[in-house]
Amino acid sequence: MPLSVEHVGGVAEMTLADGIRPNRAGHERIAQNVAGPLEALLASLDQERR
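Reminder that position 36 of the sequence shown reads as 74 in the numbering used here, one-by-one numbering, no gaps.
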């Protein structure tokens with residue numbers, strides 16, 4: 039699983055004024071960061087159950 043906050047933390051366009059907590063765009067990027075690996079993990083678990 040990749041670092042979920044990669045390309046978010048410290049990026050002004052992706053964080054609130056504190057530079058730490060993600061804003062809407064940051065949350066969307068976090069979701070994109072984990073979607074692919076999470077889908078692959080779930081697919082592999084599904085294959086193991088069959």
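Backbone N, C-alpha and C define an ideal beta-carbon position, used for all residues, glycine too.
Keep in mind the model is a prediction, meaning the values are calculated, not measured.
Distance CB(residue i)-CB(residue j) smaller than 8 Å
i: valine 49; j: isoleucine 68; result: no
i: serine 42; j: asparagine 61; result: no
i: alanine 63; j: glutamate 51; result: yes
Alpha-carbon spacing of residue i relative to residue j, whole angstroms
i: leucine 80; j: leucine 54; result: 32 Å
i: glutamine 85; j: isoleucine 58; result: 38 Å
i: glutamate 66; j: alanine 73; result: 10 Å
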